[in-house]
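The next block holds one structure in the form of C-alpha cells; read it before the comments.
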Amino acid sequence: MKITFLKTLTSELNLVQYNDIPVLHLKHAVGTAKISLQGAQLISWKPQNAKQDVLWLSEVEPFENGNAIRGGVPICYPWFGGVKQPAHGTARIRLWQLSHYDISAHKVRLEFELFSDLNIIEAKIVMVFTDKCHLTFTHYGEEPAQAALHTYFNIGDINQVEVQGLPETCFNSLNQQQENVPSPRHISEHVDCIYSAETMHNQILDKSFNRTIALYHHNASQFVLWNPWHKKMSGMSEIGYQTMLCLETARIHHLLEFGESLSVEISLKG
Numbered sequence: 001m002k003i004t005f006l007k008t009l010t011s012e013l014n015l016v017q018y019n020d021i022p023v024l025h026l027k028h029a030v031g032t033a034k035i036s037l038q039g040a041q042l043i044s045w046k047p048q049n050a051k052q053d054v055l056w057l058s059e060v061e062p063f064e065n066g067n068a069i070r071g072g073v074p075i076c077y078p079w080f081g082g083v084k085q086p087a088h089g090t091a092r093i094r095l096w097q098l099s100h101y102d103i104s105a106h107k108v109r110l111e112f113e114l115f116s117d118l119n120i121i122e123a124k125i126v127m128v129f130t131d132k133c134h135l136t137f138t139h140y141g142e143e144p145a146q147a148a149l150h151t152y153f154n155i156g157d158i159n160q161v162e163v164q165g166l167p168e169t170c171f172n173s174l175n176q177q178q179e180n181v182p183s184p185r186h187i188s189e190h191v192d193c194i195y196s197a198e199t200m201h202n203q204i205l206d207k208s209f210n211r212t213i214a215l216y217h218h219n220a221s222q223f224v225l226w227n228p229w230h231k232k233m234s235g236m237s238e239i240g241y242q243t244m245l246c247l248e249t250a251r252i253h254h255l256l257e258f259g260e261s262l263s264v265e266i267s268l269k270g
C-alpha cells in the first residue's frame, strides 16, 4: 500500500493518503484513531493502554476510490442490505468533509458531514474519543431512511468469543426465518441475524485477547450479528473471519426521520 502524507491540521491530527483514499490520523493522549474520508469511516481505534486495536480491518483492503472499505465502522445509509445497489447505500463510498474538530487534554471531538451535489447536507457523524469511543450519526435527508453503524470488531479467535445481552429470538437472514437462538451466543458457523433491540447494552467477551468490548446503543431498533465464516467475501482473506465479528447498531424497519440520530458508545473492559 502506498501511503502519502498530505497535510498537518494540528499536532495531533494529520491527513494522509492510503492508495486512493484520504485518511485522517489521530494521535492523542486518549489513544489513536484513523478515519477514512471516504465514508467518514472509522477504520482504527486504539484507546490509551490497549494492546490491540478494537476494530478489525481487512489485511487485503485495497483502498480504491469508490470501493467500500472492508472493516472499521462502515455507515450503511440511506438503505441497508441489497434492497438497492450499491449494497448498504452510497454513504460509505462517497467523500465526506471534516467540518469541525475540537481537541482538549482529555477529549477529541471530530465532526464529518455528507453533502449532496447541490451542496445541501444529507447526513452527519460525530466521533468523540475519550477512554471510550462514541459515534453519533444524524440523518438530514428529505425522506425517511435506514441506517446502520456496521462495526467490525477485532477479536483474537472467533472460537473463543461470547456475545452477551442479545435476545433469544432473531430473524435469520440466511434462511429468511424467525428463529429461537441461545443467549449468550457463540459463533461456529455463518451467522447473519437481525435482533430486535430489546435492551441497549451488549458485550463481546473475547477470551483470546482477555478483554470485554462493551456496547451501549442509543435510538437503535435492531442489532445485526454477522460473521461470514467460510463464505468467500470481497476484500477479505479466506481466514479473515477468524479474527472479526460484526455487531451493528441499526435502524432497519423503523426508519430515521429528518434530524433523528443513531449512536453507539464502545468501551473496553479488562
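If you read the sequence shown in full-length UniProt numbering, its first letter stands for residue 1, the second for the next number, and so on.
Every residue gets a Cβ at the ideal spot worked out from N, C-alpha and C, and that includes glycine.
Keep in mind that this is a model prediction, so the values were computed, not measured.
- Under the three-state reduction of DSSP output, Thr199 falls in the coil class, being neither helix nor strand.
- Relative to the Cα of His150, the nearest Cα in the group Lys232, Phe258, Leu26, Leu215 belongs to Leu215.
- For the options Ile213, Phe153, His201, Trp226, the alpha carbon positioned closest to that of Ile194 is the one of Trp226.
- Within a 10 Å sphere around the beta-carbon of Thr8 sit fewer than 16 other beta-carbons, which makes this residue exposed.
- DSSP places Gly156 in the coil class of the three-state scheme, outside both helix and strand.
- Inclusion of Asn154 and Asp53 in the CB contact set at 7 Å is warranted, their separation being smaller than that value.
- Between Glu111 and Ile121, the CB-CB gap reaches or exceeds 7 Å.
- Pro22 is bridged by DSSP to Gln17.
- Under the 10 Å beta carbon count, Phe137 is surrounded by 16 or more other beta carbons and is classified as buried.
- Check the Cα spacing between Gly81 and each of Ala147, Ser116, Asn210: the tightest is with Ala147.
- Judged by DSSP in its simplified three-state form, Thr4 adopts strand.
- Annotation for Val191: Leu225, Trp226, Asn227 place their beta carbon closer than 7 Å to its own, counting only its chain and skipping 5 residues before and after.
- In the structure shown, the three-state DSSP call for Thr243 is helix.
- When the alpha-carbon of His218 is set against those of Gly66, His100, Val30, His134, the nearest one is in His134.
- Here DSSP, grouped into helix, strand and coil, assigns Arg92 to helix.
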